[in-house]
Amino acid sequence: MGEIADSLISGEFDYITGEYLGEAIGFPRTRSYGKRNAPPIIKKPSSKANVCISNMCKDRGFSNHEKVELVAKFLHSKGHKQLPNLSQQYKIIHSQYKNDFRKFLIEQVKQRNNGRTF
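Next comes the structure, spelled out in structure tokens:
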């Protein structure tokens with residue numbers, strides 16, 4: 036490849052306008068779009084434990100934010116201190132407490148449904 040193409044790929048130049056942006060950072064970049072207008076990047080779970088826990092929560096109507104809170108609440112009830120790495124929390128539940136967590140989610144759904152008034 037040419038020198039300009041290498042500079043575009045490395046992020047030294049804007050890949051849309053060709054404008055010099057500064058020192059290369061290792062990936063293509065642009066200033067043409069503001070970050071405020073860009074939609075958030077939603078990462079899909081990758082580990083088997085994360086996929087399993089996410090599916091259990093999603094099937095019972097819990098959001099991702101609620102999932103994180105439920106995982107922390109469940110591990111705290113089992114005597115674990117909250118771990119800094121969320122993927123480790125998923126792995127602990129998946130390997131040791133999968134059935135207990137499923138029962139815990141069912142109880143949470145019942146509590147949530149009892150709190151609703153129609």
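In my numbering, the protein residues as written are 36 to 153. Using N, Cα and C, we set each Cβ at its ideal position, and we do this for glycine too.
Query: Spatial neighbours of S42 within its chain, please: CB distance less than 8 Å, with the 5 preceding and 5 following residues excluded, ordered by chain position.; Result: F48, A59
Query: So, with DSSP's three-state summary, where would you put F48?; Result: strand
Query: Using the beta-carbon count (16 or more within 10 Å), is Q124 buried or exposed?; Result: buried
Query: Can you list, in chain order, the residues of its chain with a C-beta nearer than 8 Å to that of R66? Leave out the 5 residues immediately preceding and following it.; Result: D49, T52, E54, L56
Query: Between which two residues does the alpha helix (DSSP H) carrying S81 extend?; Result: S81 -> no alpha helix (DSSP H), and no H or E assigned at all.
Query: Out of G46, A40, P63, S98, point me to the one whose CA is closest to L140's CA.; Result: S98
Query: What are the start and end residues of the alpha helix (DSSP H) that includes Y125?; Result: 121 to 131
Query: How should F109 be labelled, buried or exposed, when 16 other C-beta atoms within 10 angstroms of its C-beta is the threshold for buried?; Result: buried
Query: Under the three-state reduction of DSSP, which class applies to R66: helix, strand or coil?; Result: coil
Query: For M91, which residues from the same chain have a beta carbon less than 8 Å from its beta carbon, with the 5 sequence-adjacent residues on both sides left out?; Result: F136, R137, L140
Query: With 16 other CB atoms within 10 Å as the buried threshold, where does I128 fall?; Result: buried
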